[in-house]
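If you count the sequence shown from 1, position 36 lands on 36 in UniProt numbering, and the numbers rise without skipping. Beta carbons are placed, not taken as given, at the ideal position from N, Cα and C, and that holds for glycine. Single-structure report; data block below.
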Amino acid sequence: MPRYFFNIRDGYEVDEDEEGIDLPDLEAARAEALATVEELRDELAGADNIELEITDETGRRLLTVPFFRGRQGGRRR
Numbered sequence: 001m002p003r004y005f006f007n008i009r010d011g012y013e014v015d016e017d018e019e020g021i022d023l024p025d026l027e028a029a030r031a032e033a034l035a036t037v038e039e040l041r042d043e044l045a046g047a048d049n050i051e052l053e054i055t056d057e058t059g060r061r062l063l064t065v066p067f068f069r070g071r072q073g074g075r076r077r
């Protein structure tokens, strides 16, 4: 099963997920990212340009999910 990492990006700074999680596919990783964004949205309300990025084991960015509406989300990289 592939391992996905969920990094929080705030502009140019990245808080990297060093553990990751094993999930069956990218769609499951996307669902996990959306749930995480919902959980953390209120906590990060003051931050600007913040998004959750999903990477694979090689560090390749696969998808980004913004924390706030009105910004493009779920973009594949």
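Beta bridge pairing from DSSP links R9 with V14 and E51. Rounded to the nearest angstrom, the gap between the Cα atoms of Y12 and L34 is 21 Å. In the three-state reduction of the DSSP assignment, R30 falls in the helix class.
Between the alpha carbons of D48 and P66 lies a gap of roughly 10 Å. In chain order, D22, L23 and P24 place their CB closer than 8 Å to the CB of M1, counting only its own chain and leaving out the 5 sequence neighbours on each side.
According to DSSP, residue pairing for D22 in a beta bridge involves R3. Residue environment analysis places E38 among the exposed positions, since fewer than 16 neighbouring C-beta atoms fall within 10 angstroms of its C-beta.
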